[in-house]
Amino acid sequence: MIAKTLKAGLAAAAMLAAASSAVMADTLADIISRGKMVVGSKADYAPWGMRDAQGNIVGMEVDMAMDLAKRIGEKAGKTIEVEVVPVVASNRMQFLEQGKIDVMIATMSDKLERREVVGIVQPNYYSSGVAVFAHKDSGIKDWPDIEGKNICGTQGAWYNKEWGEKNKANMIVFKGVPEIEAALLDGRCVGWLYDDSAFIPRKVNEPEKWKDYSISTPVVADAPWGAAVRKEEVNEPIGKALSEAIIDWHKSGKIVEWEKKWGIPPTKWVAMMQEKCNAGDKICDDVLDEGEVK
């Protein structure tokens with residue numbers, strides 16, 4: 001009797017788990033039904049994600065989300081609105097896991113360990129490297145020079161350990177970019193360890209504010225960025241829709257257009273991806289091949 005009860009209980013649990021997975025795997029249908037897609041993007045990473053004068057989150061990655069929603073809407077025959085939820089490095093994957101967002105496009109480097117948590121789709125949509133943005137009097141000219149120096153970093157960023165701690169820097173981490181900027185400008189840190197993609201727009205858009213700062217180390221560890229859905233949905237309709245959009249963004253040169261729109265200097269990686277995608281290279285399909293992610 002106990003065995004039958006246990007067996008029945010296990011069967012019920014399995015059915016419940018299967019039903020739960022089915023519900024979670026239908027995010028695209030949910031988006032179409034409610035007429036709204038919720039996307040997680042940065043609000044402190046200009047010009048990929050930032051607040052405008054009215055407080056709205058705008059930027060290159062928000063444009064990507066808007067374009068994805070437009071594509072979904074065109075196929076569904078209805079308008080799909082976009083709600084942008086601000087995320088930071090320390091919570092963006094959790095927001096996706098918890099169902100607070102449907103899609104995440106938030107300057108996240110594609111790493112194997114992150115693929116264990118969320119469903120990063122193929123192909124990658126952008127790329128950046130790691131460098132230190134330092135004051136002209138910092139004495140930093142190469143990576144060994146950061147040893148013993150106060151270097152600002154972002155909570156949850158993988159390169160804090162790989163490039164900061166391994167080079168014996170005194171890493172001072174903050175939750176968001178505004179706090180880091182304040183610490184850098186008031187001298188609590190002599191340098192900022194971060195994506196080089198964050199430094200270039202600052203020099204272009206705010207030259208007076210950052211006139212005493214420059215990229216002081218070689219740019220290393222080129223890391224492509226991945227857009228994501230929930231892990232179990234990477235090969236489901238919402239994951240495939242995101243992959244399809246990214247492939248077309250590369251082929252059509254849409255990402256190049258967005259770089260120009262947001263004042264981002266042209267990147268070799270984007271140009272390379274456009275060429276490979278139009279040549280039918282497997283790096284630009286929706287399948288993760290061996291060696292594509294490190």
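Under the numbering used here, the letters of the sequence shown match residues 1 to 294, in that order.
All C-beta atoms, glycine included, are put in the ideal place defined by N, C-alpha and C.
Whether residue i touches residue j by CB criterion (8 Å)
i, j, result
"Val58", "Val103", "no"
"Tyr125", "Trp210", "no"
"Val229", "Gly99", "no"
"Lys111", "Trp163", "no"
"Asn205", "Gly263", "yes"
"Val85", "Ala65", "no"
Candidates the options, of which the one nearest residue i by Cα
i, options, result
"Met319", "His250, Ala169 and Glu206", "The first residue shown for the chain is 1 and the last is 294, placing residue 319 beyond what the model contains."
"Asp30", "Ala69, Asp63 and Asn91", "Ala69"
"Ile246", "Gln122, Asp289, Met66 and Lys175", "Gln122"
"Leu288", "Ile255, Ser243, Gly187 and Ala279", "Ser243"
"Trp192", "Lys276, Ile238, Gly153 and Gly55", "Gly153"
"Gln54", "Ala43, Met64 and Glu61", "Ala43"
"Lys161", "Val130, Lys240, Leu185 and Lys141", "Val130"
Rounded separation between residue i and residue j - CA only
i, j, result
"Glu233", "Thr27", "8 Å"
"Ser33", "Trp258", "29 Å"
"Lys282", "Arg71", "23 Å"
"Lys231", "Cys284", "20 Å"
"Phe199", "Tyr45", "10 Å"
"Glu116", "Gly291", "16 Å"
"Ile101", "Ala89", "15 Å"
"Gly77", "Gly35", "11 Å"
"Ser138", "Ser197", "21 Å"
"Glu275", "Val256", "12 Å"
Alpha helix (DSSP H) segment containing residue i, residue limits
i, result
"Trp158", "Note, Trp158: premise wrong, no alpha helix (DSSP H); not H, not E."
"Ile120", "No alpha helix (DSSP H) holds Ile120; the beta strand (DSSP E) holding it covers Val118 to Ile120."
"Tyr49", "The residue asked about is misnamed: residue 49 is Gly in this sequence, not Tyr. Note, Gly49: premise wrong, no alpha helix (DSSP H); beta strand (DSSP E) at Gly49 to Arg51."
Start-to-end residues for the beta strand (DSSP E) that takes in residue i
i, result
"Asp195", "Gly191 to Asp195"
"Pro224", "Val220 to Trp225"
"Ile215", "Tyr213 to Ile215"
task = Count the C-beta pairs between the region 213 to 228 and the region 122 to 134 that are closer than 8 Å, then say yes if the count reaches three, no if not.
result = With a cut-off of 8 Å, the region 122 to 134 and the region 213 to 228 count as touching, because enough Cβ pairs lie within range.
Practice task
For the region 40 to 60 and the region 107 to 116, state whether three or more C-beta atom pairs, one from each stretch, are separated by less than 8 Å.
Solution key: Result yes; three or more Cβ-Cβ pairs closer than 8 Å.
Margin query: Whether or not the region 136 to 150 and the region 163 to 176 are in contact is what I'm after, with contact meaning three or more pairs of Cβ atoms, one per stretch, closer than 8 Å; do they touch?
Written below: Between the region 163 to 176 and the region 136 to 150, the count of C-beta pairs closer than 8 Å reaches three or more; the two stretches touch.
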